[in-house]
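Here is the structure we will look at, set down as structure tokens.
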Amino acid sequence: MSLWMAAMWGLVGSAVAEALNLSGMMRPTSESGGRWQWPWRDRRDAPIVVFAVLLRTVAGTGLAAAAGAGGLATTAFASFTFGVAAPLVIAKMFDQVRVADRPTDAGNDGPSGEHDDGA
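Quick note on numbering: the sequence shown equals residues 0 to 118 in numbering that gives the first Met the number 0.
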């Protein structure tokens, strides 16, 4: 499978996942009085929701393209699946990153007890 075909199937997969996610967020609730509603409370929040959807869709496309280029995704279904699972895969990859705690500066306190960094 070519790189572009893997990317396109990844785009389709991530678009399907985002459509299902948005559909779930728009469902009628008791708060909305049984009406369908947009997934934002204020109209000013709409651009950031759309931006987040676009980012996740691009991430799905990129992950499927990388999997296709690396030989992991050799079929259309595999690329589609990488597109669907991209947000979870990327989140799990970042969960593996260890963040070191900041060391405490025991001996660098100024006369007032606060750290003076010279600024």
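Using N, Cα and C, we set each Cβ at its ideal position, and we do this for glycine too.
Cβ-Cβ separation, residue j to residue i (assumed contact under 8 Å), whole Å
i   : j   : result
A63 : W8  : 6 Å
L10 : G59 : 7 Å
R55 : S1  : Actually they do not touch by this definition, with Cβ atoms about 24 Å apart.
Alpha-carbon spacing of residue i relative to residue j, whole angstroms
i   : j   : result
A99 : K91 : 18 Å
R40 : V15 : 24 Å
T28 : G67 : 40 Å
A85 : S31 : 31 Å
V48 : A75 : 29 Å
A5  : A72 : 7 Å
R97 : L87 : 18 Å
R43 : T80 : 33 Å
L19 : F93 : 24 Å
A51 : R26 : 19 Å
G33 : Q95 : 41 Å
Nearest candidate by alpha-carbon position, reference residue i, set the options
i    : options            : result
L21  : P38, R97, A65, F81 : P38
A65  : T28, A51, I89, G23 : I89
T23  : W35, A6, Q95       : In the sequence under discussion, the amino acid at residue 23 is Gly, which differs from the Thr named in the question. Comparing Cα-Cα distances from G23 to each of W35, A6, Q95, the minimum goes to W35.
E121 : A6, P46, L53, F76  : The chain is shown from 0 up to 118; residue 121 falls before or after that span and cannot be answered.
S78  : R42, P46, G61, L87 : G61
A83  : F50, V57, G33      : The amino acid occupying residue 83 in the given sequence is Val; Ala does not appear at that position. Looking at the Cα atoms, V57 is the closest of the given residues.
**Whole alpha helix (DSSP H) elements within the stretch 61 to 95, 4-residue minimum** = 75 to 94
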